[in-house]
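Q:
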Amino acid sequence: MWSEHCGYKNSKRLLQLLPTKAPWVIQGPGENAGVIDIGDDLALAFKIESHNHPSAVEPYQGAATGVGGILRDVFTMGARPIAVLDSLRFGNLGSGRVRYLFSGVVKGVGDYGNCVGIPNIGGEVFFDEGYDGNPIVNAMCLGLMKKDSLIKGEAEGVGNLLVAVGTATGRDGIHGATFASEELSEDSQASRPQVQVGDPFTEKLLLEASLELIHSGYITGIQDMGAAGITSSAAEMGGRSGNGVEINIDLVPVREPNMTPYEILLSESQERMLVCVKTGHLKKVQQILAKWELEADEIGKVTDDGLFRVTEDDKEVAEIPCLALTEGCPTYEREGKESTEVKNLRTKDLSNVRTK
Numbered sequence: 001m002w003s004e005h006c007g008y009k010n011s012k013r014l015l016q017l018l019p020t021k022a023p024w025v026i027q028g029p030g031e032n033a034g035v036i037d038i039g040d041d042l043a044l045a046f047k048i049e050s051h052n053h054p055s056a057v058e059p060y061q062g063a064a065t066g067v068g069g070i071l072r073d074v075f076t077m078g079a080r081p082i083a084v085l086d087s088l089r090f091g092n093l094g095s096g097r098v099r100y101l102f103s104g105v106v107k108g109v110g111d112y113g114n115c116v117g118i119p120n121i122g123g124e125v126f127f128d129e130g131y132d133g134n135p136i137v138n139a140m141c142l143g144l145m146k147k148d149s150l151i152k153g154e155a156e157g158v159g160n161l162l163v164a165v166g167t168a169t170g171r172d173g174i175h176g177a178t179f180a181s182e183e184l185s186e187d188s189q190a191s192r193p194q195v196q197v198g199d200p201f202t203e204k205l206l207l208e209a210s211l212e213l214i215h216s217g218y219i220t221g222i223q224d225m226g227a228a229g230i231t232s233s234a235a236e237m238g239g240r241s242g243n244g245v246e247i248n249i250d251l252v253p254v255r256e257p258n259m260t261p262y263e264i265l266l267s268e269s270q271e272r273m274l275v276c277v278k279t280g281h282l283k284k285v286q287q288i289l290a291k292w293e294l295e296a297d298e299i300g301k302v303t304d305d306g307l308f309r310v311t312e313d314d315k316e317v318a319e320i321p322c323l324a325l326t327e328g329c330p331t332y333e334r335e336g337k338e339s340t341e342v343k344n345l346r347t348k349d350l351s352n353v354r355t356k
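Under full-length UniProt numbering, the residue at position 310 of the sequence shown is numbered 310, and the numbers go up by one with no gaps.
#1: Helix, strand or coil for I151? Go by DSSP, reduced to three states.
#2: From G7 to G96, what distance separates their C-alpha atoms?
#3: Could you check if E341 is buried or exposed, using at least 16 other CB atoms within 10 Å of its CB as the buried criterion?
#4: Just curious, the beta strand (DSSP E) that V342 is in, first and last residue?
#5: To which residues does DSSP link D86 through a beta bridge?
#6: Suppose the cutoff is 6 angstroms on Cβ atoms and the five residues either side in sequence are ignored; what does the same chain contact list for S149 look like?
#7: If you count every other CB in all the chains shown that lies within 10 Å of the CB of A180, and 16 or more means buried, which is it?
#8: Just verifying my parser: in three-state terms, what is the DSSP assignment at R240?
#9: What would DSSP say about T65, mapped onto helix, strand or coil?
#10: Can you tell me the Cα-Cα spacing of L345 and E338, whole angstroms?
#11: For the candidate residues L101, Y60, E49, whose alpha-carbon lies nearest to that of G198?
#12: Need the endpoints of the alpha helix (DSSP H) that G286 sits in, please.
#13: Give me the Cα-Cα distance between R89 and V74, rounded to the nearest whole angstrom.
#14: Which whole-angstrom value is the C-beta distance of L142 and L205, which I expect to be below 8 angstroms?
#15: With burial defined as no fewer than 16 other Cβ atoms inside 10 Å of the residue's Cβ, what is the status of D314: buried or exposed?
#16: DSSP three-state call for C329: helix, strand or coil?
#17: For A190, which of helix, strand or coil comes out of DSSP?
#18: Just checking my contact of V105 with P200 at CB under 8 angstroms: how many whole Å lie between their CB atoms?
#19: By Cβ distance, which residues of its chain are closer than 7 angstroms to E236, with the 5 residues on each side in sequence left out?
#20: On the DSSP bridge list, what partners appear for R309?
#21: From this set, L93, K107, W24, A164, which residue's C-alpha is nearest A131's C-alpha?
#22: Do A155 and C329 have their CB atoms nearer than 8 angstroms?
#23: Given a threshold of 16 other Cβ atoms within 10 Å of its Cβ, counted over all protein chains shown, does F126 qualify as buried or as exposed?
#24: Whole angstroms are fine: how far does the CA of N352 sit from the CA of N52?
#25: Buried or exposed: Y112, going by 16 or more other Cβ atoms within 10 Å of its Cβ?
#26: So the candidates are T303, A33, I26; which of them puts its Cα closest to the Cα of T279?
#27: From the DSSP secondary-structure annotation, give me the bridge partner or partners of V197.
#28: In whole angstroms, give me the CA-to-CA distance for P81 and V67.
#29: Check whether the Cβ atoms of I118 and A209 sit closer than 8 angstroms, and answer yes or no.
#30: Taking V116 as part of the alpha helix (DSSP H), name the residues at either end of that continuous run.
#31: Which of the three DSSP states, helix, strand or coil, is assigned to T220?
#32: Could you tell me the boundaries of the alpha helix (DSSP H) in which V254 lies?
#33: So the candidates are E263, I247, K356; which of them puts its Cα closest to the Cα of G300?
#34: Can you tell me whether P219 is buried or exposed, with buried defined as 16 or more other CB within 10 angstroms of its CB?
#35: Label G239 either buried or exposed according to how many other C-beta atoms from any shown protein chain fall within 10 Å of its C-beta, with 16 as the threshold for buried.
#36: Tell me whether A43 sits in a helix, a strand or coil according to DSSP, three-state version.
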């Protein structure tokens, strides 16, 4: 949660300088996606995210799961994804490895969207030797929604149930968030197990099921299990609502034997959601999920103490304030220097430049 990928330790101070408020802004920073009013009671949800490090060691899955993540971020707001875009940077195409990365990333982005039924409507690509060892893979999703369909990733209602929806939890992607924050090196290939593996066909089922759940009125919040898995999704939902969350590790559906609480909490297995279900509505939620051939398992509840608490065999194995995980991350103020190129431009003689 305090990794660069989740906490934005280096960039948060700069991002906070950007304008985020306007009459048409319905949802600004702090949620899974931004939402703006586009008129006629309609709103547009959008999210752009990088998946650079995973794509550098496993280009196809790294790019594909990047698309999967932003799709989930958009439909958890109550919007139906309608388009994917990408912005890519690679090194010199004369390098065999760069060509391998290029072809894998482009195919991963396209394949995932195609399988879910979301078109890639545009993108850009640029090649420079500066990106030889570390490509930039930015994926963006746009979603359309009714303004009154907006839902947030909050754990509202003390006593309400926390329900895991989608695929079972495995060991894939553990420490994916911290890996995405590290400097790439010759040893980075050893981090392939930390790259998540996507299943776009399950994502399509999850998309339809999530939108139906949102419109059902049976839930108060929904959150993608992305970076840092259950830890981030549960802590974020608790922190946003001012409540606490309690997770019973014994109830989390797993697909591998002998998984420790540590592994279960940090797994980044794809196509999973955490849903806050109103008391007394679990069976109705499970019926909706069953229609889409998905599981819905109660794994915890909302509490009133503001704590992220984890139990195993009726024993407490972890406890920390939700806000310490989500808001307590330190930020860095780096020294800024103006580049020589910019300095030269400032002193450039423009007296002979024609303006007409």
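Yeah, the Cβ is synthetic: ideal placement off N, Cα and C, and Gly gets one too.
A: By the coordinates alone:
#1: Here residue 151 corresponds to residue number 151 of the sequence shown, with the count starting at 1. Of the three classes helix, strand and coil, the one that applies to I151 here is coil, per DSSP.
#2: Translated into positions along the sequence shown, residue 7 becomes position 7. Translated into positions along the sequence shown, residue 96 becomes position 96. Taking the straight line from one Cα to the other gives about 35 angstroms.
#3: Translated into positions along the sequence shown, residue 341 becomes position 341. When all chains shown are included, E341 counts as exposed.
#4: Taking the first residue of the sequence shown as position 1, residue 342 is located at position 342. Element bounds for V342: not the beta strand (DSSP E) but the alpha helix (DSSP H), 340 to 346.
#5: For the purposes of this step, residue 86 is identified with residue 86 of the sequence shown, where counting begins at 1. Note: D86 sits in a beta bridge opposite G123, A139.
#6: Translated into the one-based positions of the sequence shown, residue 149 becomes position 149. Cβ within range, chain order: G78.
#7: Locating residue 180 in the sequence shown gives position 180, counting from the first residue. For A180, the pLDDT reaches just 48, beneath the cut-off of 50, and the residue's location in the model is therefore unreliable, although a value from the coordinates is still provided. So A180 counts as buried.
#8: As a position in the sequence shown, residue 240 is number 240, starting the count at 1. Helix at R240.
#9: In the sequence shown, the residue the question calls residue 65 occupies position 65. Residue state, collapsed to three classes: helix.
#10: What you label residue 345 is simply residue 345 of the sequence shown in a count that begins at 1. What you label residue 338 is simply residue 338 of the sequence shown in a count that begins at 1. Distance between the alpha carbons of L345 and E338 is about 11 angstroms.
#11: Taking the sequence shown and counting its residues from 1, the one referred to as residue 198 is at position 198. Selected option, being the one with the closest Cα: Y60.
#12: Reading the sequence shown from its first residue, position 286 is the one you call residue 286. Here residue 286 turns out to be Gln, not Gly, going by the sequence shown. Unbroken alpha helix (DSSP H) run through Q286: 282 to 291.
#13: Working through the sequence shown from its first residue, we reach residue 89 at position 89. Working through the sequence shown from its first residue, we reach residue 74 at position 74. Cα to Cα, R89 sits roughly 24 angstroms from V74.
#14: On the sequence shown, position 142 is the one that residue 142 refers to. On the sequence shown, position 205 is the one that residue 205 refers to. No, L142 and L205 are not in contact; Cβ-Cβ is about 21 angstroms, not under 8 angstroms.
#15: Counted from its first residue, the sequence shown places residue 314 at position 314. Burial call: exposed.
#16: Residue mapping note: residue 329 aligns to position 329 of the sequence shown, counting from 1. Of the three classes helix, strand and coil, the one that applies to C329 here is coil, per DSSP.
#17: Residue numbering aside, residue 190 sits at position 190 when the sequence shown is read from its first letter. Because A190 carries a pLDDT of 46, less than 50, the predicted location of this residue cannot be relied on, and no value is offered for it.
#18: Translated into positions along the sequence shown, residue 105 becomes position 105. Translated into positions along the sequence shown, residue 200 becomes position 200. Not quite, the Cβ-Cβ distance comes to about 16 angstroms (not below 8 angstroms), so this is no contact.
#19: As a working note, residue 236 is residue 236 in the sequence shown. Here the set comprises G153, Q223, T326.
#20: Along the sequence shown, one-based indexing puts residue 309 at 309. DSSP, once it has assigned bridges, lists E246, E319 as partnering R309.
#21: Within the sequence shown, residue 131 is the residue found at index 131, counting from 1. With the sequence shown as reference, residue 131 is identified as Tyr, and Ala is not the correct amino acid for it. Out of L93, K107, W24, A164, L93 has the C-alpha closest to the C-alpha of Y131.
#22: What you label residue 155 is simply residue 155 of the sequence shown in a count that begins at 1. What you label residue 329 is simply residue 329 of the sequence shown in a count that begins at 1. No.
#23: Residue mapping note: residue 126 aligns to position 126 of the sequence shown, counting from 1. F126 is exposed by the Cβ-count criterion.
#24: Counting from 1 along the sequence shown, the entry for residue 52 is found at position 52. Counting from 1 along the sequence shown, the entry for residue 352 is found at position 352. If you take the alpha carbons of N52 and N352, they lie about 43 angstroms apart.
#25: Locating residue 112 in the sequence shown gives position 112, where the first residue counts as 1. Classification for Y112: buried.
#26: Numbered from its first residue, the sequence shown carries residue 279 at position 279. With distances taken between Cα atoms, T279 lies closest to T303.
#27: Position 197 of the sequence shown holds residue 197. DSSP output for V197 lists no bridge partner at all.
#28: Within the sequence shown, residue 81 is the residue found at index 81, counting from 1. Within the sequence shown, residue 67 is the residue found at index 67, counting from 1. About 11 angstroms.
#29: Residue mapping note: residue 118 aligns to position 118 of the sequence shown, counting from 1. Residue mapping note: residue 209 aligns to position 209 of the sequence shown, counting from 1. No, these two residues do not count as a Cβ contact at 8 angstroms.
#30: Your numbering for residue 116 matches position 116 in the sequence shown. Start and end: 96 to 116.
#31: If you number the sequence shown from 1, residue 220 lands on position 220. T220: strand per DSSP, three-state reduction.
#32: In the sequence shown, residue 254 corresponds to position 254, counting from 1. Premise fails: V254 is in no alpha helix (DSSP H) and is neither H nor E.
#33: Walking along the sequence shown from the start, residue 300 turns up at place 300. Comparing Cα positions, the closest option is I247.
#34: The residue given as residue 219 occupies position 219 in the sequence shown. The sequence shown places Ile at residue 219, not Pro. Buried.
#35: By 1-based counting over the sequence shown, the position of residue 239 is 239. Burial call: buried.
#36: Numbered from its first residue, the sequence shown carries residue 43 at position 43. If DSSP states are grouped into helix, strand and coil, A43 belongs with the strands.
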